[in-house]
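Report on the following structure.
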Amino acid sequence: MVIREPLSVDALPNEAGCQDLIVCKGITFRALCDEHMMPVSGVVHLGYIPNQLLLPTTGADAVVGYLSREPQSPPQLASQASQWIDRELQPLGAGVIVHADHSCDSERGTDAASATVSSSLLGQLRVSAVLRAHFMALTSSR
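One gets my numbering by counting positions in the sequence shown from 1 and adding 714 to each.
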């Protein structure tokens with residue numbers, strides 16, 4: 715069993731009192747599929763509605779990089795990332811979307827690689843249709 719050091723990202727105080735949705739888009743990742751041990755890669759979009767703490771600029775990359783070190787599925791990555799944001803930043807809401815391309819199918823002889831989109835929403839992003847739609851719009855725009 716490999717014991718990993720816990721992820722340490724120094725959150726910043728929300729001195730300006732930002733209450734608007736913050737989205738970190740297009741964070742690339744590479745991992746192994748937990749089922750077939752084949753490569754999975756793609757992009758992650760993280761979002762949160764801050765409370766007292768903010769994620770530093772490099773924090774989103776660090777979270778995704780740390781969590782994608784071990785074999786897992788894209789839904790697990792989305793869930794773990796949103797739970798980390800919720801636990802460490804204690805925001806009013808957190809959301810993660812993972813766009814993943816799987817090599818499992820093509821390597822096993824099927825016609826093409828498959829792609830999935832997974833999401834995990836917590837707090838206000840889960841309960842408010844307006845905030846959820848805003849998050850989805852921000853993550854799908856260029």
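Virtual Cβ for every residue (Gly too), placed ideally from N, Cα, C.
With 16 other Cβ atoms within 10 Å as the buried cut-off, status of residue i
| i | result |
| --- | --- |
| residue 721 | exposed |
| residue 844 | exposed |
| residue 732 | exposed |
| residue 716 | Low confidence applies to residue 716: its pLDDT is 49, below 50, so where it sits in the model is not reliable, and the reading given next is rough at best. Exposed, since its Cβ has fewer than 16 Cβ neighbours within 10 Å. |
| residue 740 | exposed |
| residue 796 | buried |
| residue 730 | exposed |
| residue 745 | buried |
| residue 835 | buried |
| residue 774 | buried |
For residue j and residue i, believed in contact at Cβ under 8 Å, the rounded distance
| i | j | result |
| --- | --- | --- |
| residue 833 | residue 811 | 5 Å |
| residue 805 | residue 837 | 7 Å |
| residue 808 | residue 800 | 5 Å |
| residue 813 | residue 841 | Not confirmed; about 24 Å, so no contact. |
Residue i vs residue j beta-carbon contact at 8 Å
| i | j | result |
| --- | --- | --- |
| residue 723 | residue 802 | yes |
| residue 714 | residue 770 | The question about residue 714 has no answer, for the chain in this structure spans 715 to 856. |
| residue 767 | residue 726 | yes |
| residue 852 | residue 846 | no |
| residue 758 | residue 778 | yes |
| residue 786 | residue 815 | no |
| residue 743 | residue 761 | no |
Short CB-CB distance (under 8 Å) between residue i and chain C
| i | result |
| --- | --- |
| residue 855 | In the structure shown, chain C cannot be found, because there is only a single protein chain. |
Just list the beta strand (DSSP E) runs in the region 740-802, keeping only unbroken ones of 3 residues or longer that don't cross its boundaries, in chain order.
As summarised for the region 740-802, the continuous beta strand (DSSP E) elements at least 3 residues long and confined to that stretch are 753-763, given in chain order.
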